[in-house]
Amino acid sequence: MTGLQIAFLALSAVMLFAAWKVVTSDIIVHAALWMVLSFVAVAGIFLTLHAEFLFAVQLLVYAGAITALVIFAIMLSDIRELRGEGEPAGAGLGRRVRRLVSRRLGLAPAAVAVGFAAVMYSVYRATPWPGLPPGDPAPSTLAIGRELFGTYVVPFELASIVLLVAMVGAIVLTLREGGREKEEKRP
Amino acid sequence: MIPLSWVLVSAALLFGLGLYGALARTNAVRILIAIELMLNAVNLNLVGFSRYLSPHDVTGQVFALFVITVAAAEAAVGLAIILMIVRQRDVSDVDRINLLKW
Amino acid sequence: MPTLPIVGEVDTAVLVAQLIFLLPELILAVTGTVIVAISPLLRGRERPLVFVAATGVLAAFAGLGPSVGGAGEVLARMLVLDGTSTFFRPVFMLGALIVIGLSPDYLARRQVPAGEFYALVLFATVGIMLMASTHELLMLYLGLELASISGYVLAGMLRSDARSQEASIKLFLIGAMGSAVLLFGLSLVYGITGSTNLVEIGHALTGGAAATFRPALLAATMFLVAGFGFKMAAVPFHMYVPDAYEGAPTPVAAFLSVGLEGAAFAAAIRVFVTGLGIIQPNWAAVFAVLALATMTLGNVTALLQQNVKRMMAYSSIAQAGYILVGLAVATDRGISAMLYYVLAYTVMNLGAWAALIYLSHNGQSEELADFAGLGRRAPLVAWALTFCFLSLIGIPPTAGFFGKFLLFSAAVDAGLFWLAVAMAVNSVISLGYYWNVVRAMFMEEPATEEPLKASPVFGLGFTLAVLGTLLIGLGAAPFFRLVSAAVVTLP
Amino acid sequence: MTEHAWLIVVLPLVSWLLISAFGRRLKNEGDWLGVVTIGVTLVLSLVVLWEVAGGAATRVSVPWLVMGDWQLDMGYLIDPLAAVMLVVVTAISFLVHVYSMGYMHGDARYRRYFATLSFFTFSMLGLVVADNLILLFFFFELVGLASYLLIGHWYENLGPRLASLKAFIVTRIGDLAFLVGLAVLVLATGTTGIPELRELVEHHQVPATVLTLAAILVFGGAVGKSAQFPLHVWLPDAMEGPTPVSALIHAATMVAAGVYLVARSFFLFEPSATALSVVAVIGGITALLGATIGVLQTDMKRVMAYSTVSQLGYMMMALGVGSLVAGMFHLWTHAFFKALLFLAAGSVMHAMHTMEMHSMGGLYRKMPVTAWATIIGGLALAGVWPLAGFYSKEEILNAAFYSGVSGAGFAFWAGVISALLTAFYMTRAVILVFFGRPRDRHRYEHAHESPPVMTVPLAILMVLAVTAGWVNAPISHHWFGKLLGEAEVHLAPIVTVLAVGATLLGVAAGYAIYALRLVDRRAVINALRPVYTLVRNKYYFDELYNATVLRGSLRLAEWAAWFDQRVIDWLVNAVGYVAVKLSEAAGKFDLSVVDGLVNGAAAVTVGAGRRLRTIQTGFVQTYILTFFAALVVGLVVFQLWRL
């Protein structure tokens, strides 16, 4: 087993564990923090796959920006969840069991999720995936830059419209009541 | 070298976890986080394939880049929607948002 | 610095020259941006923006000029000019134009920020137009997201209305999930074929990849079916649709039901027929099952609705079921019938929604009781709505009749006899709930005799939809030629 | 003229558009426009018939819709069959138009009525001349739509509303069969042109089984439109429409469309003994069914309605036993005397404002023209020599007598018995309404003869009801039959004896019971109590359909709702629900109570009975769960498929 493989497995384990904690932790802020760890691990995996540029983007956008957004939203939203009151409480093992079978954390979600993973695993097992192609991977940053402003310049511009829409949307939805409306009613 | 199937399987597991999170938790912010996990799984797929198709092919990485961009936009809109609801109804649990049914 | 082999090096000059083919989308996007920029300056006097938006769409129609007759992939293979895109781009613009015309009264009454509304409709239109005119998965995804994100925001635009909020969050959560599933499928397709261009994907698959990677390919296909099924409102991926349409502002629901659904069908044609044509038996079978489930469940459930807006949501599910027959058949005739039906559906469905918008901006809700006596209070609207319903049921000589007839005969032709019969039976079922509304309009006493009002712009939009339903039906011949030319053939 | 026959179809269309658009500004709301237009088409139709009788025939077909290798033509085919039908439709429609000017005078939607009448005529004429089955189907649907509008003309009342919907839906069920039959034909032959199909069938290019299947399915369409058993239930209810409309529907348009469809596609039936038998037997059953129910109706219009059902059965029977001529001939004669009967009934309605025969009586003195119209129409219907009905009925019975089709024997006896019953109930109706002592003094005092605009059409129809049969009698050398291509006529004396005997017996029985009161009505009813109840309740068909079809579809919907709500929710909640229940049994409040309250309130708002119609839970997560469950199931199925 090479060092790269070990690194991959370790990162993968961290990523999945963090994701598990994201789903199961009772306090939503904890979940958000676990999410950061999961994203960082994903970034690490990108590095093992020689995607340095994406590594950086993943850290900046996901682990940075999106996390900040999420935490921001949590702070602005449900105070009860911060204290862990949003989910059914209990103690010890009993709490865990209860949570697994409570109204929404039912068996059906688990069954669907496990079913999904199992099917995908069998699919991947049954598919003869190619090995690593010969040749050293080129540094990807330059190549991505060229592609982005060459072949993919139209999608690049399109993405900017998507961001514009998101901005307009976020503003229009969260503009405080009484801001614009009141102004409109003023003679 | 890392076998491609390792990448794919861990991506599938991550997707599955995200799926479980989306189904099992009722808080809208958590569902959003779970969706982000799923998108990360997709990115793992894309980057992994990109690496294994050809040493020079970066299409998958470019695709992943766009997925990240869109995910950020989506998260912004999603959080704005959640915020809007929380402000006016003081709930963020989706199982309490069910005026519309039948 | 070592010289690096760059994949897909493009000539900038060519790229710039080819931007002319993107003119309609550019005009729409620029119009949207301008509206966003100037609407804060108008301070509540946003009504004139409807003319800006409509002018933008009309200019975009004109901008189609250079693209007409063009063939092949342009703009570094990001845009494809062929019959299908020539067909769909104006259809979607027509839909957007009608929606814009129907909206101003509603927006004013319900205090929806009009500037943002028009801008988002225009942006979403850019998205759905690009979805229908690209072979590039990345463009497809971006177009879809552009339309979807605009849709999430649009649905929530009645900010203080709990139902609108709910529609928005449901649309968002499930939509984001649908996108994730679609993306997962796209990533697998990319991994299997090494390309994100549908033509290349088709070549790679016929070149042996389909056999080698069959398990993964089948899984990817299922992901794509689910992802597109979600956007098409196909059962069982439909469950968000009634809630989202009922809660969303009515013009938005109208737009989503024709724009997003239509674009999903357009994109699905490209992905499945051009890209995954080699495993046609597999996906066609799934679509056949989905078609049956979708039309039956949509119609049967619509029978029970008391809220007409919700009924229309189920009706659009049912209509999606009919359209799916085209994919289930997947012959040239099936696909062209499907295209024709999407066109017919756009106008007739918008015509039906227009009546709902009309009631709504007159301060009424959309319960069945609100339709009582509409035949007396607003005879023109009532008759137009009846006509659109006849079309949705499939009574000649409306557009809907020819659409159903074409799908029906395509299914028969392909040997899917059971599906054809199911379609016919379903059209009889649908009679029940449409008739409910017609009966209320003409045969029940109105609560008040007070006549209802509408602005001329609304009248124009409505007329466009109803005339379209009539013309596309009666003068079907040129439209038939159009869709025959637009067919994407199976390899 | 024949080559310009399209004018006949287009004129009513123009009239419809003009009345709809400008009627408000025209004199008398444009009624004269409709009358004049239909009058012109009547003249044109007569010219066409004249020319066709002289050997002219034409077919014009132009490509209409072309899509790839597929093409739909639009064209018209004028042959003797179409020419005869054109005359029937335009003549009846013209008289109904004239009569309506009096009958509908002062109606709130007078203009709409005349516009729709034009539209109805247009649809029917289009159907008649259509040269391919798809176009024919197209007009078939339009006829249904138009009759829906007309039956529901007085939509303020519940009766017309329900009746119009019933007509629309029931006939659409038949249309469904027709459509599927069309699909079979297209699949097997690749064409829908009537002459082309005939060519193919005559050259044995179509497999026999396909032909039988297609014929039976097409017949399904006719069963719906022509109110044949078991889809006859809509026709009597269609009485709720204005009486002139009933006359039009019963005589020349709606119900004739089904018979005409079978006649038009008769070449499909001819080679198939099975298809013919089906038609003959269904026709026989319908004839008996209509006649028996007609005997016990007390509403004058309903008597007429069931007599139409019965007579339509006759026509189908005639076609089923292989005689196109007999069927069309009866359609022809029936059109005149049935229109006469309905318009006369309308005249009575106009005077009495009721249709209940037990509150009439003695009207002969007040309304002699109407009385004579009913008497002549009744005699023609009963088949008394030398009135129209005699010739066509005799022709049918002869055809059945000589036919080799299995089921023809049944059809023959059904025909004879129906003849007896028909004579009986017509005698009964005439006596109850026009003779004896007035039973409702008040109404009787106010009764008066109708204005000339109504009585003149009656007079014209009276003449036609007497003479219409002569076109296929020895006196005209069987002109009608020869026109439609019948070689020679066999007439068995025994058949004539039986038919005349049955008719006379019927009349005599009716006269004995209702005029001379030789037999006590009650005694007969008591003796036959079970049969009486069964027939009085119209064999419980409506109840049967309510219990099965209506209930069934409601069940289906409820089941879908139940599935969505229960099963899916159950999947999510199953275990959790138990846990919640257990934990909260000791808790402060029971979630289910809250749930119950919320649901209860909702149930109240949407009305009782909607409880089970809850389609979706409203919970996002159940939606997501369904989505992914379907995805996973799909993935598994796909992978299994691969193996």
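Keeping their order, the protein sequence lines are chains E, U, X and D.
Heads up: the first sequence begins at 943 in the working numbering, then just goes up one per residue.
Heads up: the second sequence begins at 3 in the working numbering, then just goes up one per residue.
Heads up: the third sequence begins at 2 in the working numbering, then just goes up one per residue.
Heads up: the fourth sequence begins at 85 in the working numbering, then just goes up one per residue.
By construction, the Cβ of each residue, glycine as well, lies at the ideal position given by its N, Cα and C atoms.
Evaluate residue i with the Cβ neighbour count: other Cβ atoms within 10 Å of its Cβ, from every protein chain shown; 16 or more gives buried, anything less gives exposed.
| i | result |
| --- | --- |
| X/S337 | buried |
| D/M188 | buried |
| D/P541 | buried |
| X/P41 | exposed |
| X/V17 | exposed |
| X/A212 | exposed |
| D/I176 | buried |
| D/Q289 | exposed |
| D/M418 | The sequence given here places His at residue 418 of chain D; Met does not occur at that position. By the neighbour-count rule (16 or more Cβ atoms within 10 Å), D/H418 is buried. |
| D/Q155 | exposed |
| D/I734 | Nothing about residue 734 of chain D can be reported from this structure: the residues present for chain D run from 85 to 727 only. |
| X/D414 | buried |
| X/D83 | buried |
| X/M223 | buried |
Look at the alpha carbon of residue i and the alpha carbon of residue j, and state the distance between them as a whole number of angstroms.
| i | j | result |
| --- | --- | --- |
| U/E38 | X/G276 | 28 angstroms |
| D/K250 | D/Y624 | 16 angstroms |
| D/S394 | X/S485 | 49 angstroms |
| X/Y359 | X/L465 | 15 angstroms |
| D/V346 | D/A336 | 15 angstroms |
| X/A264 | D/V704 | 24 angstroms |
| D/P535 | X/I324 | 56 angstroms |
| X/V182 | X/G460 | 41 angstroms |
| D/V317 | U/V88 | 58 angstroms |
| D/S349 | D/I278 | 7 angstroms |
| D/I501 | X/A355 | 57 angstroms |
| X/M442 | D/S202 | 24 angstroms |
| X/A168 | U/A82 | 14 angstroms |
| E/V1095 | X/Q19 | 13 angstroms |
| U/L46 | X/G474 | 49 angstroms |
| D/A105 | X/P397 | 21 angstroms |
Any beta carbon of chain D sitting closer than 9 angstroms to that of residue i?
| i | result |
| --- | --- |
| E/P1081 | no |
| X/M444 | yes |
| X/G433 | yes |
| X/T464 | no |
| X/P41 | no |
| E/A1131 | The structure shown does not extend to residue 1131 of chain E, since chain E spans only 943 to 1129, so no value can be given for it. |
Against chain X, with Cβ distances strictly below 9 angstroms, would residue i count as a contact?
| i | result |
| --- | --- |
| D/W148 | yes |
| U/Q90 | yes |
| E/M1062 | yes |
My understanding is that residue i touches residue j, with C-beta atoms under 8 angstroms, so please give their C-beta distance in whole angstroms.
| i | j | result |
| --- | --- | --- |
| D/G114 | D/L126 | Actually they are not in contact, since the Cβ atoms of D/G114 and D/L126 sit about 19 angstroms apart, beyond 8 angstroms. |
| U/S7 | E/W1071 | 5 angstroms |
Would you verify that the beta carbon of residue i is, or is not, closer than 9 angstroms to some beta carbon of chain U?
| i | result |
| --- | --- |
| D/Q705 | yes |
| X/L199 | no |
| X/G192 | yes |
message: Any C-beta of chain U within less than 8 angstroms: which residues of the segment 158-179 of chain X qualify?
response: R160, S161, A163, R164, Q166, E167, A168, S169, I170, K171, F173, L174, A177, M178
field: Interface positions of the segment 14-36 of chain U facing chain D (Cβ-Cβ less than 9 angstroms), listed along the chain
entry: When C-beta distances to chain D are compared with 9 angstroms, the residues of the segment 14-36 of chain U below that value are L21, A24, L25, A26, R27, T28, A30, I33, in chain order.
- request: Report the residues of the segment 129-161 of chain X with a CB closer than 8 angstroms to any CB of chain E, ordered along the chain.
  value: L131, E137, L139, M140, L143, G144, E146, L147, I150, S151, Y153, V154, G157, M158, R160, S161
- prompt: Of the residues that make up the segment 47-72 of chain U, which ones have a beta carbon closer than 8 angstroms to any beta carbon in chain E?
  reply: So the close ones are V49, G50, S52, R53, Y54, L55, S56, P57, H58, V60, T61, Q63, V64, A66, L67, F68, I70, T71, V72.
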